[in-house]
Every structure is written in structure tokens, then in C-alpha cells.
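J.: Once you've had a glance at the structure underneath, I'll fire off some questions.
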């Protein structure tokens, strides 16, 4: 929201005069170049929308029906269609297969229209929770743009929200030190981004089968999507990713999954991208995790051996290959204020954030 | 979010380069001076919080208990207390008496902490809906500051959100023409602020007695609090207000209450301020109304005889008395995006937005 008349930068970025000091050390020079998303035009609310079926496998009738609805949603050339979208899948801790449509919008009005009118989302809205033999869920993340930060490891690449038109990746120096992610949130200049609600697993049984539930997370929940793209990697780097970096990444994720209460994790999914047409899996993954706030995410990144192993390996390879580094990593983080919650229809009781929801609600007919 | 280094204005205001033309006519000069809120420091999310008991009268045990909890909330000097607050009441369409605490915060973290920890709000959170002989409700409005607009008719006065510290009323010229309220929303420069969801009265019976319900309104619902302050008015103006302006205002409100479907109104309350200590009513009122979007509010203001009568009388008196005008009027409008809804505990089924809720939910134990 810079004044047009005196901006020296063609990109549009929210910025506030700092009240809270940045964490960047004086004179910091990053060890590796990194890029972040900036906007070509002013924007206000960013939306990231996860709509999914919970079933047995990609060939199930529920998955095929869902993929067909997604296809119809996009083939129609709808004005309210997401500006960027993907199909991903994951098998969750309860062993269920989840096929997910991820959509991104810079315009919240188009998103709201899409939710009401698009084939896949209106089908979801009308499902009878008691009459289906699969699960279905919808997690909408919508935040002011000052609550978003992004990073990508290689020039010319963009992922997630940054694939929307009107988004330009820009070389930055706000990276390569502890606290850099926090510094990249424009809001961090004036807000400590703390969570007032404790991170607490629900003790009462969750009756989710046959029902349509809404689960809320607390104010300032931090939702990270952290991605890995190695399908364009040169053979030696491809092999190094699969044999060395990936196992380190998975060890880190296993730790977070094993200690969700201690680490402030409400949900964590290891997702694989699919070709949207053939539904074949791609060599492109991302981890979607919900942390109670930014602080436990920072703590894990700053202090846990599993993150150090991932980070050091990635930096070593970056220095080894320089601009020839062809494994690309990225992330995006959204910090959600008071929110309308995520919706779960006939899902098992460990789906998404339900086990750690601050409030659970059942939708009335 | 102007760049500090090149701002010529000491006040902080969000502004976007316009994509959507303003409605101000070329060369417009307002017939009467008006002031709007600006911020001394950067802010992001604004919160307006209505917490209330629904009972028989101000002397009921529920009202007295509530007033006591409000007192304890404010007497303790809590850091998370609202930065501005009021006590108001109204009798609703079902004949119930509602005693309401209105709080305003510039810091959403303090609000979130207050909701969890303050005496009145934590008491509300723990109420057993099936075991109380009164109703209780909590409506939280939290929006990015680009979705707020305010106006006041007299220099040196501020009301509602604008009573927070760090808010300065500033003389403006964005007033006195149709569309001025829209132009005052910073977001209107880049967003048409339309509602994708239709305005529709619920047809299924609402089972609200003995239950804790959440009611959601649609994306871009416009919530106006429009106020009248005549307790400091000179005798002739005081009399003119009570005998002439007030009846015109009430006729306008009666029309909106009689035609909520046609006029896009989901809820409308005519509220009277009370002295927070003695609970005596004051000569200070405000109307809180929820419109399906900004458009029906504009349509009523631009085209209905009842609004023309209010507006013309107010302008005539303004011109008659000039700076001596001692009846003060004001309003604030919040346009809410996708939201977490309002909560109703053991309330009657016509309370608040329930009859027009886009979604109704029951909170799980």
C-alpha cells in the first residue's frame, strides 16, 4: 500500500513503519540467494482453499467422481475459478487416502462466488453426511496479505499462491538467518503474532462419522506449505534428493508427527502432486502443517536436529551447484486470525485439525 | 500503509491506487463539514465486539450479574481490556430486553486474549445453555482496516471505534454525495464489495432455546452503527431532535424493520446508551444494522423517502446552526469478509442475524 506517486518499486507490497525490531542481524548477507512473491497490483485478502475427498485410493469411485467435478470446474472457463490450482494426495495417519484440490485466489469475492457456485464446491455443500460412504473436507485459509510470507530457492520458479497471475518473484535478502520468515511477514513490523490460546489436544471423543462438522483453530495459527520439486533435477541431484535430502526431510516430519503436542503441531500432511489430467503422481511434494503459532515453527527450525540436517544439506548442495542447483524448494506461510474454521463431512476423527480444534461445531440443517 | 519517508500526512491511512473509479462528482464541495477517523500509527485488523444478555429488564438478576461482570472486567485494569467500550440496551422485536457491552480494539491479539480470559467473556464461554433462564450472545466483528469507514458531524467529537486512543478525527471532503460512504472505504478503490450470497430468510425452524448456536453472515455483509447524541444539545435543538428528527429517524427504522427481505436487512436494533456505573439511560442512541452488503444500504439511503426526510432535516439544522449545531450524529460501517459468525446461547429464534444466517451451527461439547 505504498503511495503510488512516491514508490520507487514497480511491485506492490504492504509495509509498515517498524514498531517491533526485525530479527535480521546487522550487516547480514545471505549464504544463498532466495526469492519472494510480490504483487504487480494492490491486493487485500489472499485465499488458499483445500477441498478434498477422503477415501481408499485414487481409483475409488469417490476419487474418480471428485476428479471429474474438479475437471468440470476448470474446463468451464469460470470467471470465479482459482487463479492457480493443483491436485495433490496423501495417506493420513489413519490410513485413509485423501485426494485434494488446492486453489488460490487474490480476489476474495471470486472465491466466495466459487464456493457457492462451482461444481466441486457446490457438490461438497450438498453432500448428505449420513448417506455417503466416503469423507469430504474443505479447509479455507483467508488472510490479509500482511499475514503471508513466501520463499523459493531458484530464480524463475514459483509455487503455490505465487503461481497466480500478477505475482512476481523478487530477489531478496530477508533470508538465511533465524527469524527471517517472521521478518518477511509485513505484519511482523507491528504485531508479535502470538497465539493467546494454548495448544491442547481435545479430550472428549469426536463424533465425526456421518456428520458435517466445523473445526476452528486459534487466533494466529501458522499454516505452512513447504514444497520440494525434483522432477526437473539433473540425474545426480535427482539421486541425491531421493537418497539423502528426502530421508532427512521425512525424519523431520516423522518427528513432528510423533510429538504434535510438544511441537505445537495441530495437523501435518505429506502431500504428493498429481498430474491434473492423468492423475499420475509427480516428483513434486509438499508438507502442509498447522502450528499453534509462528513461534513453535521457529523453535523447531532453530533448535531441532532434524531441521538442521535438512537445512544444512540443502545449503551444502546449493553451494555445490550454485545456479545449476536443479532441486527446487519453497514454502508459503499464512498466519490466520480469528477464522471461520474448516469443514469435515463424514471424515474419521483424526482428520485435519479436528484433534486440536479450539471449537468444534455441527452444522444445522 | 503509506511509506513513512514520503508521507506528507502525520496520520496513517491505508490507501490503494484506484482501479475502480470513485463516486465523488467532479468538483464536489460538501454542503456541511464532516470528520472521519484516521490512525496515528499503523494498524491492521479492527475489532468491534458485542457481548450481551437477553432478559426481561435492566433490574433482572441476569442483567445485574452481567453488569457486575462487566465492571470486574474493566476495574481490574486488564492489559487486554477494550480500548473503548460502552453499555447499551434495546428491546428487540420479540419483546426481550438486551443489555450489551460494546468493546473496540485496534489490536486483535488483545481481543483474542480478552475473549479467553476476561470475567464477562469467560463467563459467557462457560454458560450451560440448557441450565440458564436467560439468553446470552456474542457478536464479534473483526475486519482489515481497509473495510472500515466512519463519519461524525461535529469537530471535537468521536464515537464507537474512533474513541480508541491513537485515533484522530480528521476533516474530510469525502461526504455529502451519494456513494461517499463507499468512497471512504480504502478497499473500495480496488474491490466492488459485492455479496455473492443472496439475502434469504431461513425457512427451516430455528431451534435456539437451550442451545449454543453460531450464525454466519455472508461474505461482504455491511454492518452499520449509526449514532445520535443530543444530551449536550442546546434546549431548542434538544427539543427539535426529540420532536422532529427522532420521529423521522424512527420512521426510517420502522420501514427497514418491516421490510427486511426487500431492503436486504438481516438484523436491526435501536440501542440506547447507559451510564456504565449507574446503568441509567442516556440521551445517546445508535442503530446497529446488518445489511446483506453495502449496496442495499446505499440504495435505501439514496432512494427511500424515509432516509431523505432524515438527511434533509439534519442538513437543514446544520445550515441553520452551523458550528453551534449541538446535536451530533455519526456512523461507522464494517464490511465483513468470510467470518467466524456470531454466537447465541439460549436466545429466542429471532435474535440477531439468526433468521437470515447463511449457516447455522451448534457448538459441540
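Residue numbers (my numbering), protein chains in the order written: chain W, 1 to 365; chain C, 1001 to 1365.
By construction, the Cβ of each residue, glycine as well, lies at the ideal position given by its N, Cα and C atoms.
(1) By the three-class DSSP mapping on this structure, what secondary structure does residue 1188 of chain C have?
(2) Which residue from C:1240, C:1272, C:1247, C:1097 puts its Cα closest to that of residue 1225 of chain C?
(3) Quick check: the stretch 1318-1326 of chain C against the stretch 1292-1306 of chain C, are there 3 or more CB pairs under 8 Å?
(4) Return the residue from the list C:1269, C:1337, C:1338, C:1281 that minimises the CA-CA distance to residue 1093 of chain C.
(5) Would you mind telling me which residues of chain W sit closer than 8 Å to residue 1365 of chain C, beta carbon to beta carbon, in chain order?
(6) What residues from chain W crowd round residue 1104 of chain C, counting only those whose CB sits closer than 9 Å?
(7) Which bits of chain C does residue 142 of chain W rub up against, with CB to CB less than 8 Å?
(8) Straight-line CA distance for residue 1232 of chain C to residue 1170 of chain C?
(9) Please return the same chain residues whose Cβ sits closer than 6 Å to the Cβ of residue 245 of chain W, not counting the five positions on each side in sequence.
(10) Rounded to the nearest angstrom, how far is the Cβ of residue 151 of chain W from that of residue 331 of chain W, given a contact under 8 Å?
(11) Between which two residues does the alpha helix (DSSP H) harbouring residue 1295 of chain C extend?
(12) In angstroms, rounded to a whole number, what distance separates the CA positions of residue 316 of chain W and residue 162 of chain W?
(13) Tell me, please, whether the CB atom of residue 130 of chain W is closer than 8 Å to any CB atom in chain C?
(14) Pick out the complete alpha helix (DSSP H) segments inside the stretch 88-162 of chain W, 4 residues or longer, and give them in chain order.
(15) Taking the straight line between their C-alpha atoms, what separation do you get for residue 1211 of chain C and residue 1292 of chain C?
(16) Less than 8 Å between the beta carbons of residue 183 of chain W and residue 295 of chain W, yes or no?
(17) Determine, using beta carbons only, whether residue 1166 of chain C and residue 1041 of chain C come nearer to each other than 8 Å.
(18) So the beta strand (DSSP E) residue 1342 of chain C belongs to, where does it begin and stop?
(19) For residue 1331 of chain C, write down the residues that DSSP places opposite it in a beta bridge.
(20) Give the interface partners of residue 311 of chain W over in chain C, defined as CB-CB distance under 7 Å, in chain order.
(21) Counting contacts by CB-CB distance shorter than 8 Å, is residue 16 of chain W in contact with chain C?
(22) Since residue 270 of chain W sits in a beta bridge, which residues does DSSP pair it with?
(23) Mind pulling the chain C residues with CB within less than 7 Å of residue 315 of chain W?
(24) Taking 7 Å as the cut-off, does the CB of residue 160 of chain W come closer than this to any heavy atom belonging to the ligand ZN?
(25) Under a three-way DSSP split, which group does residue 1009 of chain C fall into?
(26) Hey, quick one: how far does the beta strand (DSSP E) through residue 1064 of chain C stretch, first residue to last?
(27) From which residue to which residue does the alpha helix (DSSP H) around residue 246 of chain W run?
(28) Can you check whether the CB of residue 19 of chain W is closer than 8 Å to the CB of residue 180 of chain W?
(29) By the three-class DSSP mapping on this structure, what secondary structure does residue 50 of chain W have?
(30) Hey, residue 1286 of chain C and residue 1148 of chain C: beta-carbon distance below 8 Å or not?
(31) Strictly below 7 Å CB to CB, what residues from chain C border residue 359 of chain W?
(32) So, under 8 Å CB-CB, residue 1105 of chain C and residue 1083 of chain C are touching, yes? Tell me the CB distance rounded to an integer number of Å.
(33) At a cut of 8 Å, does the stretch 1199-1219 of chain C reach the stretch 1021-1036 of chain C through at least three beta carbon pairs?
(34) Tell me which residue opens and which closes the beta strand (DSSP E) that residue 1216 of chain C is part of.
(35) Apart from the five residues just before and just after residue 1056 of chain C, which ones in its own chain have a Cβ nearer than 7 Å to its Cβ?
(36) Tell me, which residues are paired with residue 1336 of chain C by DSSP?
T.: To lay it out plainly:
(1) It is helical.
(2) That would be C:1272, whose Cα lies nearest to the Cα of residue 1225 of chain C.
(3) Taking 8 Å as the limit for Cβ pairs, the verdict is that the stretch 1292-1306 of chain C does not touch the stretch 1318-1326 of chain C.
(4) The candidate whose alpha carbon is nearest that of residue 1093 of chain C is C:1269.
(5) Using a Cβ-Cβ cut-off of 8 Å, residue 1365 of chain C is close to 204 of chain W, given in chain order.
(6) Contact annotation for residue 1104 of chain C against chain W: no contact, minimum CB-CB distance about 15 Å [criterion: below 9 Å].
(7) Close to residue 142 of chain W, with beta-carbon spacing below 8 Å, are these residues of chain C in chain order: 1337, 1338.
(8) Here the C-alpha atom of residue 1232 of chain C lies approximately 22 Å from the C-alpha atom of residue 1170 of chain C.
(9) Once the five neighbours on either side are set aside, the close Cβ partners of residue 245 of chain W are 313.
(10) Contact between residue 151 of chain W and residue 331 of chain W holds, with the beta-carbon distance rounding to 6 Å and staying under 8 Å.
(11) DSSP places residue 1295 of chain C inside the alpha helix (DSSP H), whose first and last residues are 1294-1303.
(12) The alpha-carbon of residue 316 of chain W is positioned some 26 Å away from that of residue 162 of chain W.
(13) Residue 130 of chain W does not count as touching chain C.
(14) Counting only unbroken stretches of 4 or more residues, the alpha helix (DSSP H) elements lying wholly within the stretch 88-162 of chain W are 108-117, 119-126, in sequence order.
(15) So the alpha carbons of these two residues sit roughly 26 Å apart.
(16) Contact flag unset, no.
(17) Result yes, Cβ atoms of residue 1166 of chain C and residue 1041 of chain C sit closer than 8 Å.
(18) Taken as a continuous stretch (DSSP letters only), the beta strand (DSSP E) holding residue 1342 of chain C covers 1342-1345.
(19) Bridge partners of residue 1331 of chain C: C:1151, C:1226.
(20) What residue 311 of chain W touches in chain C: nothing, since even the nearest Cβ is about 30 Å away.
(21) Residue 16 of chain W counts as touching chain C.
(22) Looking at the DSSP output, residue 270 of chain W sits in a beta bridge with W:287.
(23) Here the premise fails: no neighbours, minimum Cβ distance about 33 Å.
(24) Among the ligands in the structure shown, none appear at all, so the ligand ZN cannot be discussed.
(25) In this prediction, residue 1009 of chain C has a pLDDT of 45, which is less than 50 and means its spatial position is unreliable; nothing more can be read from the coordinates.
(26) Per DSSP, residue 1064 of chain C is not a residue of any beta strand (DSSP E); the alpha helix (DSSP H) it occupies stretches across 1061-1075.
(27) Per DSSP, the continuous alpha helix (DSSP H) segment holding residue 246 of chain W begins and ends at 246-258.
(28) For residue 180 of chain W and residue 19 of chain W, no; Cβs fall outside 8 Å.
(29) Here residue 50 of chain W sits in strand by DSSP.
(30) No, these two residues do not count as a Cβ contact at 8 Å.
(31) What residue 359 of chain W touches in chain C: 1363.
(32) A Cβ-Cβ separation of about 6 Å places residue 1105 of chain C in contact with residue 1083 of chain C under the 8 Å criterion.
(33) Contact fails: fewer than three Cβ-Cβ distances are below 8 Å.
(34) Counted as a single uninterrupted DSSP element, the beta strand (DSSP E) harbouring residue 1216 of chain C occupies residues 1212-1216.
(35) Counting only Cβ-Cβ distances below 7 Å, and skipping sequence neighbours, we find 1097.
(36) C:1221.
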